[in-house]
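This report refers to the structure that appears directly beneath it.
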Amino acid sequence: MNPSRETQMLIAGGGIGGLAAALVLASDGHRVTVFEQTDAFGEIGAGIQLGPNVFRMFDYLGLTADIDRVASYPTHLGMRDVATGEQVVRVPLTETAKAAYGFPYGVIYRADLHDVLLNACHAFGNVTLLTASRIESFSQSADRVNVKLADGREFDGDALIGADGMWSRIREAIIGDGKPRVSGHIAYRAVLKRDEVPSHLWRNEVELWGGEKTHLVTYPLRRGELYNLVAVFHSNKYDEGWNTFGDIDELKARFANAATPVKALLEKINVWKMWLLCDREPVKGWSQGRVTLLGDAAHPMLQYLAQGAGQAIEDACVLREALRAHDSIAAAFQAYERARYLRTARVQLTARFYGDIYHASGVTRELRNQLFQSGKESAGFAGLKWMYDGIDPATMFAA
Ligand SMILES: Cc1cc2nc3c(=O)[nH]c(=O)nc-3n(C[C@H](O)[C@H](O)[C@H](O)COP(=O)(O)OP(=O)(O)OC[C@H]3O[C@@H](n4cnc5c(N)ncnc54)[C@H](O)[C@@H]3O)c2cc1C
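Just so we're on the same page, my numbering is the position in the sequence shown counted from 1, plus 2.
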């Protein structure tokens with residue numbers, strides 16, 4: 003597409019996916035308006051893991067230096083048995099990930115990643131970022147899209163990208179597959195300051211303590227200023243959404259048999275934020291004329307592979323190349339979806355499987371431990387090569 007036509011792109015949602023989309027479209031000369039329902043652009047205070055496939059996208063986007071300033075690079079990714087503390091697998095990351103995939107494995111504070119994207123958007127004069135702007139509905143004709151906001155304002159554009167997350171309104175209109183699937187798994191998250199973590203428990207590693215229907219993930223953030231904790235367990239006691247408070251007594255009960263270091267870390271936290279974990283069955287058909295979906299709106303997944311935000315960023319990069327390679331928006335959106343739906347479906351389904359592996363008990367747990375321990379150090383990683391190898395958006399639509 004010829005961006006000199008200055009197409010007006012509308013984006014629903016200013017999360018990581020929406021901002022990544024705004025950035026790629028603005029840098030190609032499109033005019034972009036991002037509609038964010040909350041009163042300010044920002045992210046919740048928690049960590050996020052970034053696989054080598056995501057660093058490949060930062061390279062493609064020219065963001066490597068900005069990310070490097072705020073990311074941390076743990077030395078290992080490991081799994082321990084939550085009850086015994088036994089090391090199940092421990093994979094070296096730093097040079098090993100770079101050697102295997104060409105890019106590192108890192109972790110980042112969500113707000114820092116969001117800021118990098120927001121600042122990159124601000125550098126372009128053609129991005130308008132609107133807060134307190136909840137999209138209520140949209141309609142499209144052969145050559146326009148119209149969005150209506152909850153406060154009655156209306157906007158016209160050439161295309162609409164629904165990056166409005168797990169409970170996407172845009173998805174509801176395009177696919178109509180109801181509410182997300184409640185997995186029955188709940189995450190409690192908290193962030194500790196460096197001096198709140200006993201030194202013998204501080205490790206510059208991503209550690210997953212797996213147990214029956216539970217696990218805890220820990221890693222340092224902001225180059226060691228903070229320590230990220232995410233405790234996950236099966237429960238039917240939850241509030242919908244991402245930001246309600248957790249019940250400490252329930253958490254203690256779920257981790258009652260955990261090894262001493264885990265209990266010692268959990269003890270340090272007085273306030274947990276609760277996250278209801280949902281996903282959906284993979285589908286296709288998320289592009290309809292001048293409207294498409296991106297990120298969690300298109301392919302919401304459980305967090306067990308730490309890939310949701312990474313896949314949203316990959317989406318944005320592929321969307322840009324699809325628009326470059328096609329003369330019409332509708333054709334570009336169809337091509338974008340074709341290029342993405344099987345890869346993202348594979349991540350969605352594999353994430354469920356990894357959740358079962360982390361939470362295994364009985365013979366399944368023994369088998370997991372034996373398989374992970376029998377191979378080389380990287381055994382737990384090898385099955386994910388297809389994911390971490392990543393994609394090359396620039397060559398995807400070559401004639
Ligand atoms: C516990 C947990 C751990 C995770 N860990 C990782 C990890 O380590 N690595 C990783 O890559 N991913 C991880 N994820 C997944 C990741 O958080 C999501 O995949 C990612 O945030 C999706 O980004 P998004 O922009 O598509 O959606 P969201 O982040 O949900 O953003 C959607 C935005 O749209 C706005 N919005 C919604 N509706 C409207 C509307 N109608 N109008 C206007 N605005 C609207 C919302 O306010 C929000 O700002 C994790 C998720 C969880 C729950």
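Using N, Cα and C, we set each Cβ at its ideal position, and we do this for glycine too.
Test item: CB-CB of Ala311 and Ile18 under 7 Å: Working through the sequence shown from its first residue, we reach residue 311 at position 309. Working through the sequence shown from its first residue, we reach residue 18 at position 16. Against a cut-off of 7 Å, the Cβ pair of Ile18 and Ala311 comes out as a contact.
Continuous beta strand (DSSP E) assignments of at least 3 residues falling wholly in the segment 124-169: 129-132, 137-142, 147-151, 156-159 and 161-164
Beta-carbon contacts of Ser6 that lie in its chain and below 7 Å, excluding the five residues immediately before and after: Working through the sequence shown from its first residue, we reach residue 6 at position 4. Unreliable positioning characterises Ser6 in this predicted model, as indicated by a pLDDT of 46, which lies under 50. The coordinate reading is nonetheless provided below. Gly31, listed in sequence order.
Alpha-carbon to alpha-carbon, Ser185 and Pro54: As a position in the sequence shown, residue 54 is number 52, starting the count at 1. As a position in the sequence shown, residue 185 is number 183, starting the count at 1. If I take the Cα positions, the gap works out to 27 Å.
Own chain partners of Ala327 with C-beta closer than 6 Å, once the 5 adjacent residues on each side are dropped: Walking along the sequence shown from the start, residue 327 turns up at place 325. Taken in chain order, the residues that qualify are Phe399.
Glu156: CB within 6 Å of a non-hydrogen atom of ligand 1: The residue labelled residue 156 in the question sits at position 154 within the sequence shown. Because no heavy atom of ligand 1 lies under 6 Å away, the Cβ of Glu156 does not count as near it: no.
Those runs of the alpha helix (DSSP H) which lie wholly inside the segment 306-338 and span at least 4 residues: 310-327
Where Asp197 sits in the DSSP three-state scheme: Along the sequence shown, read from residue 1 onward, the residue named residue 197 stands at position 195. If DSSP states are grouped into helix, strand and coil, Asp197 belongs with the helices.
Buried versus exposed call for Gln372 [16 or more other C-beta atoms within 10 Å across all chains shown]: Translated into the one-based positions of the sequence shown, residue 372 becomes position 370. With fewer than 16 other Cβ atoms within 10 Å, it is exposed.
Heavy atom of ligand 1 within 6 Å of Gly213 beta-carbon: Position 211 of the sequence shown holds residue 213. Not under cutoff, so the answer is no.
Rounded Cβ spacing between Ala22 and Ile315 (contact assumed at less than 8 Å): Here the question's residue 22 lines up with position 20 in the sequence shown. Here the question's residue 315 lines up with position 313 in the sequence shown. Correct: roughly 5 Å between the Cβ atoms.
Gly248 and Trp274 closer than 7 Å at C-beta: As a first step, residue 248 must be located in the sequence shown, where it is residue number 246. As a first step, residue 274 must be located in the sequence shown, where it is residue number 272. Yes, Cβ-Cβ distance for Gly248 and Trp274 is below 7 Å.
For Lys275: DSSP bridge partner residues: Here residue 275 refers to the residue found at position 273 of the sequence shown. BP columns for Lys275 point to Arg191 and Phe247.
Helix, strand or coil at Tyr103 according to DSSP, with G and I counted as helix: As a working mapping, residue 103 is identified with position 101 in the sequence shown. Reduced to three states, the DSSP call for Tyr103 is helix.
Cα-Cα separation between Phe126 and Val118, rounded to whole angstroms: On the sequence shown, residue 126 is found 124 positions in, with the first residue counted as 1. On the sequence shown, residue 118 is found 116 positions in, with the first residue counted as 1. The alpha-carbon atoms of Phe126 and Val118 are separated by roughly 13 Å.
Distance, Ala261 Cα to Gly87 Cα: As a first step, residue 87 must be located in the sequence shown, where it is residue number 85. As a first step, residue 261 must be located in the sequence shown, where it is residue number 259. Going from the Cα of Gly87 to the Cα of Ala261 covers about 6 Å.
For Ser74, the three-state DSSP class (helix, strand or coil): Taking the first residue of the sequence shown as 1, we reach residue 74 at position 72. Here Ser74 sits in strand by DSSP.
Any 3 or more C-beta pairs closer than 8 Å across the segment 71-78 and the segment 88-102: With a cut-off of 8 Å, the segment 88-102 and the segment 71-78 count as touching, because enough Cβ pairs lie within range.
Reduced DSSP category for Thr352 - H, G, I as helix; E, B as strand; rest coil: Here residue 352 refers to the residue found at position 350 of the sequence shown. DSSP places Thr352 within a helical segment (H, G or I) once states are collapsed to three.
Among Asp145, His301, Ala332 and Ser170, the one whose alpha carbon lies nearest that of Ala353: Within the sequence shown, numbered from 1, the residue matching residue 353 stands at position 351. Ala353 has its Cα closest to that of His301, out of Asp145, His301, Ala332 and Ser170.
Inter-residue CB distance, Ile176 and Gln10 (contact presumed, cutoff 8 Å): What you label residue 176 is simply residue 174 of the sequence shown in a count that begins at 1. What you label residue 10 is simply residue 8 of the sequence shown in a count that begins at 1. That pair is no contact at about 20 Å.
Exposure of Phe235, with buried meaning 16 or more beta-carbon neighbours within 10 Å: For the purposes of this step, residue 235 is taken as residue 233 along the sequence shown, with counting starting at 1. Under this definition Phe235 is a buried residue.
Helix, strand or coil at Glu209 [DSSP, three-state]: Within the sequence shown, the letter at position 207 stands for residue 209. It is a strand residue.
Glu269, buried or exposed, once every other Cβ within 10 Å from all chains shown has been counted against 16: For the purposes of this step, residue 269 is taken as residue 267 along the sequence shown, with counting starting at 1. When all chains shown are included, Glu269 counts as exposed.
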